[in-house]
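Protein chains in written order, with my numbering: chain A, 23 to 160; chain B, -6 to 375.
Using N, Cα and C, we set each Cβ at its ideal position, and we do this for glycine too.
Every value quoted in this text rests on a predicted model; they were computed, and no experiment measured them.
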Amino acid sequence: MSDVTPVDAGLFASLDPPRLLGSRCGECATVVFPTAQSCPRCSRAAMAPHALADRGTVWSWTVQGFCPKPPYVPPVDGFVPFPVGYVDLGEVIVEGHLLVDRALLEIGTPVRLALEPVRTADGDEVVTYAFTLDEEAA
Amino acid sequence: MRPEDVYVVGGGMTAFGRHDGTGLDLAEQAVRGALDDAGVSWADVDFAVGGSNVSGKPDSLVSRLGLTGIAFSTVKNGCATGGVAMATAVSALQAGRADLVAVVGFDKHERGAFAADAAAYGLGSWYATTGMMVTTQYFAMKTRRYQHEHGISDRTLARISARAFRNGEAHPLAWRRAPLTEEEVLAAAPVNEPLTQYMFCQPSQGAVALVLARGDRAGDLCDTPVRLAAVTQRTRRFGSFEVFSPWLSHDPWNSPSVDAAAAAFAEAGLSPADVQVAQLQDTDSGSEMIHLAETGLCKHGEQEQLLAEGATDVDGALPVNTDGGCLANGEPVGASGLRQVHEVVRQLQGRAPGRQVPGGPRVGFTHVYGAPGLSACAVLTV
Ligand SMILES: [Zn+2]
């Protein structure tokens, strides 16, 4: 995993194992993702880097049924509808791709963080974050 | 009629849908229609406010309407542009800085979902590259969570669309004029589950203009002036669920629509129960469902029963989107909020172009909501 390139290095606290990097407010404990300089709740600039939990449950979801406009880059073999959702990680709810079979998706489905290969507009192969079924919790 | 109150004394609008002319052509047509309706000329107007998201500089309309030297403010607030334009006009009238104000909103969008620029929303390019900067995803996920929390069926979402297209069928200026059954709505392509193709509005083209005056003149300009009893706008507070959000806080239902509606009713000295005809932002049928409760017109979860009973039909207890709303008209972003006001004005005057609410409604309400989290509401009375 050490040779992969993230779609945006600022999203990750680590790639192996994958952990997302957010910010936590030292004044009011609000957690945001990605990182931010100031707190959207209390407006103070007291944010510190904060690795997010890597397990959670689906809070809401949909299936992206049509190919989004550029700069979205569809897979080499063409667009296929993909599930996307919000995952409740405890301190914060994070939006991401859901690498979960449509039939298993419902609000409350346990998921864990994973990496997903995607392409950039320049054709580079990079990884983004996604959530897969958490077999241990399921 | 108190002299300091503000009234709509004229309205004009183009048909919504697809047009050959430019956005500015449509805007000019709407303004001329509104001036004719009020029986005034452009030279009588001493302040103007205009809004367009993508279709030209509103203040350049003066070169078509007349170079009279008046102040002309431009607003640009996404889907809430029309509401903000009207609020700006009302402020000028109430402050005594203007006596007769023209408000115009217009847009001419191309086909397909709205494209958005990540950087313009303060987001990294990764968010768009990975296919998450899609407005319809947001509407779908907000709808699904709301359904889960409040026990709303997909059937209710279909009922909202079917009613919108029924109302559009009868409206001479609406774009979608073919009625659809609930089954057809449910069976349509799943754009973003649980929302199907016919549960989403589409970008369209059109323009709307209004002429506003204070109470000391309104009676001379219009047989049935409609009072703007309140016009409010609010942006989001912490903990709201907005489009293009990589993250949410828990229980994210602190919507600007709640705040804008509550402020409007307080300012008007009326309550949601007084409303006899309403226009709600229906970018999709899920949004209308949520906005029904956020504006106070019903309780959370009550939509299931209201839609089943036909309460939001034109002849129901709470007629909603009597011209077919965004679902039947599409959304020319800059014009949409003023279309709502135009429709409610005509309903309260008893001369609705489409289906007229029976019984002489006297209190109307409008609500727009736009990215990235603002709402504008109005209470109108006769
Ligand atoms: Zn804080």
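- Runs of beta strand (DSSP E) with 3 or more residues, each lying fully within the segment 40 to 71 of chain B, are found at 40 to 44 and 64 to 68, listed in chain order.
- If you check the C-beta of THR52/A against ligand 1, you find a heavy atom less than 7 Å away.
- From the listed residues ALA91/B, ASN185/B and CYS72/B, the smallest Cα separation to PHE104/A is found for ASN185/B.
- Look at MET282/B: its C-beta is not under 8 Å from any C-beta on chain A.
- Looking at PHE34/A, ARG66/A and PHE101/A, the one whose alpha-carbon comes closest to that of VAL85/A is PHE101/A.
- Counting along the chain, ARG152/B sits inside the alpha helix (DSSP H) bounded by residues 147 to 162.
- With a cut-off of 7 Å, the C-beta of GLU49/A is classified as near ligand 1, since at least one heavy atom of the ligand falls inside that distance.
- Between ALA253/B and ARG230/B, the beta carbon gap of about 11 Å keeps them out of contact (Cβ cut-off 8 Å).
- In this structure THR142/A is in contact with VAL95/A, their Cβ atoms being roughly 6 Å apart against a cut-off of 8 Å.
- Any Cβ of chain A closer than 8 Å to the Cβ of HIS243/B would place that residue at the interface, and such an atom is present.
- Between ligand 1 and the CB of ARG230/B, the shortest heavy atom gap is not smaller than 7 Å.
- If the five residues before and after MET79/B are omitted, its C-beta is found closer than 6 Å to the C-beta atoms of VAL96 and VAL224, all from its own chain and listed in chain order.
- Proximity to HIS143/B across TYR191/B, THR122/B and ILE283/B peaks at ILE283/B, based on C-alpha coordinates.
- Every unbroken stretch of the beta strand (DSSP E) spanning 3 or more residues and falling wholly within the segment 158 to 224 of chain B is given here in chain order: 198 to 207.
- Non-local C-beta neighbours of LEU188/B in its own chain, meaning closer than 8 Å and more than five positions away in sequence, comprise THR129, PHE132, ALA133, THR136, LEU150, ASP277, SER278 and GLY279, ordered along the chain.
- Every alpha helix (DSSP H) of 4 residues or more that sits fully in the segment 252 to 297 of chain B is shown, in chain order, as 278 to 287.
- Residue ASN70/B holds the alpha-carbon nearest to the alpha-carbon of GLY330/B among ASN70/B, MET192/B and PRO346/B.
- Contact holds between the segment 35 to 47 of chain B and the segment 314 to 329 of chain B, because three or more Cβ pairs, one in each stretch, are under 8 Å apart.
- With contact defined as three or more Cβ pairs closer than 8 Å, the segment 57 to 74 of chain B and the segment 363 to 370 of chain B are in contact.
- At a threshold of 7 Å, ARG156/B does not count as near ligand 1, since its beta carbon sits no closer than that to any of the ligand's heavy atoms.
- Take the alpha-carbon of GLN274/B and the one of PRO245/B: they are about 19 Å apart.
- VAL127/B reaches chain A at GLN86 and PRO90, counting residues in chain order whose Cβ is nearer than 7 Å.
- Apart from sequence neighbours up to five positions away, the residues of its chain that approach PRO351/B with a beta-carbon distance below 7 Å are ASP308, ordered along the chain.
- Contact check for VAL178/B and VAL2/B: beta-carbon distance about 39 Å, past the 8 Å limit, so the pair fails to qualify.
- Per DSSP, CYS61/A lies in no beta strand (DSSP E) segment and is marked neither H nor E.
- Between the segment 70 to 83 of chain A and the segment 34 to 54 of chain A, the count of C-beta pairs closer than 8 Å reaches three or more; the two stretches touch.
- In chain order, VAL270 and VAL350 place their CB closer than 6 Å to the CB of PRO312/B, counting only its own chain and leaving out the 5 sequence neighbours on each side.
- For SER238/B, the C-beta contacts it makes with chain A under 8 Å involve GLU117, in order along the chain.
- The residue from SER65/A, LEU120/A, ILE129/A and ASP156/A with its alpha-carbon nearest to that of GLY124/B is LEU120/A.
- Residue pairing from DSSP places TYR108/A in a beta bridge opposite SER82/A and GLU117/A.
- For LEU19/B, the enclosing alpha helix (DSSP H) covers residues 16 to 31.
- Taking ASP37/B as reference, the option from ASP52/B, ALA206/B, SER56/B and PHE193/B with the minimal CA-CA separation is ALA206/B.
- In the three-state DSSP reduction, GLU235/B falls in the coil class, being neither helix nor strand.
- Distances taken from the Cβ of CYS89/A to the heavy atoms of ligand 1 include none shorter than 7 Å.
- The criterion of a C-beta distance shorter than 8 Å is not satisfied by GLY289/B and MET6/B.
- Where HIS72/A is concerned, the enclosing beta strand (DSSP E) starts and stops at 69 to 73.
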